[in-house]
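For the sequence shown, the UniProt record's numbering assigns the number 1 to the initial residue and increments by one for each residue that follows. Glycine residues also receive a C-beta, built at the ideal position from the N, C-alpha and C atoms. Every value quoted in this text rests on a predicted model; they were computed, and no experiment measured them. Right, one structure below, let's go through it.
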Amino acid sequence: MDNRDNFFKKFINCTYNLKALMTYPKYGIGKAILYVFLITILLGGLRGITIGYRMDKELGNLNSTLQNSEYKFNIEDGILHAENSPLKLEGISSLIYIDENKSLNEIDDLRDLTVHNDNNILFLKDGVYLQAESYKQQAHYKDLIGDNRLDNNILLGELSYVLKILVAIVILYTILITFINTLINCLFATIFASFALLIMRMFMKYSILYSLTLYTCTLPLIFQVVLQIIFPNIDLDTMFIVGTLVYVIFILKYIKGEMINNKINKDKI
Numbered sequence: 001m002d003n004r005d006n007f008f009k010k011f012i013n014c015t016y017n018l019k020a021l022m023t024y025p026k027y028g029i030g031k032a033i034l035y036v037f038l039i040t041i042l043l044g045g046l047r048g049i050t051i052g053y054r055m056d057k058e059l060g061n062l063n064s065t066l067q068n069s070e071y072k073f074n075i076e077d078g079i080l081h082a083e084n085s086p087l088k089l090e091g092i093s094s095l096i097y098i099d100e101n102k103s104l105n106e107i108d109d110l111r112d113l114t115v116h117n118d119n120n121i122l123f124l125k126d127g128v129y130l131q132a133e134s135y136k137q138q139a140h141y142k143d144l145i146g147d148n149r150l151d152n153n154i155l156l157g158e159l160s161y162v163l164k165i166l167v168a169i170v171i172l173y174t175i176l177i178t179f180i181n182t183l184i185n186c187l188f189a190t191i192f193a194s195f196a197l198l199i200m201r202m203f204m205k206y207s208i209l210y211s212l213t214l215y216t217c218t219l220p221l222i223f224q225v226v227l228q229i230i231f232p233n234i235d236l237d238t239m240f241i242v243g244t245l246v247y248v249i250f251i252l253k254y255i256k257g258e259m260i261n262n263k264i265n266k267d268k269i
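Structural data, given as structure tokens:
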């Protein structure tokens, strides 16, 4: 196996071909990080698209409901005024909330409303709060529209375009977070794997061990992303670290076995 293997061949080999996988770390940590970046574009992008689709569908349905007169509100001089407040409109895992009495600095007081949802849009007294999975953003009305007047018909009409932009941001954000989390979690797996090296009386540079871990994480990352798509509110980082660590130790034992066999064969000669 040489350094000319393309990404897809490496991706396939890293899921089942131990002999091929073991050759990749020698080409440097930079190529290992690049490989992880590419698989997070693939897998993180898949998860981001799934999140974005669910968010766009649910919030789009809620947006249509908000066109009813009972949800009428306007924003003037940077302050929200609603005919009925507070208002709460919930989907399966999404929430649109309107409250003219709560401001952005009181957002923590509304945690009981938002914590169980994947997506939240909160129109508060002085600003709007957006949350899609782990992506969060807030802005004051003054910063968005100045002193202009805006009613719910105009705002909700524009919201559909805002959702499209937000979906794109969520996809990119999910890819970035997946990449960073994978690098950090693999670092933890590498630290634990170094203790396995001591027990097995093997020597390996930490850069090589980290590179090996980055390639080895392919299969655990696939399982993690699939499970995160199915169960979006469950933290699976610990499972990923343990799964990667077990796989790395298995490969280290395989490497040691190969070394012993080679030594025995040389002694026979």
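Per DSSP, I12 is one residue of the alpha helix (DSSP H) stretching across F7 to Y16. The DSSP-derived three-state label of G28 is coil. Here I251 really is in contact with L212; their C-beta atoms are around 7 Å apart, less than 8 Å. The beta-bridge partner set that DSSP reports for G78 is empty. Contact between the segment 97-110 and the segment 122-130 is present: three or more C-beta pairs spanning the two stretches fall below 8 Å.
For L122, there is no enclosing alpha helix (DSSP H); the enclosing beta strand (DSSP E) has its first and last residue at N119 to F123. Using a Cβ-Cβ distance cut-off of 8 Å, the segment 231-246 and the segment 203-212 are not in contact, since fewer than three pairs of beta carbons, one from each stretch, lie closer than that value. For G146, the secondary structure class from DSSP, reduced to helix, strand or coil, is coil.
Nearest C-alpha to Q138 among I154, D151, K164 and D108: D108.
Counting every other CB atom within 10 Å of its CB across the protein chains shown gives S94 a total of 16 or more, marking it as buried.
Here G44 is near I175, since their CB atoms are less than 7 Å apart. Under the 10 Å beta carbon count, L172 is surrounded by fewer than 16 other beta carbons and is classified as exposed. With a beta-carbon spacing of about 5 Å, A189 and L245 fall inside the 8 Å limit used to define contacts. Counting only residues of its own chain and dropping the five nearest sequence neighbours on each side, N74 has a CB closer than 6 Å to the CB of H81 and D151.
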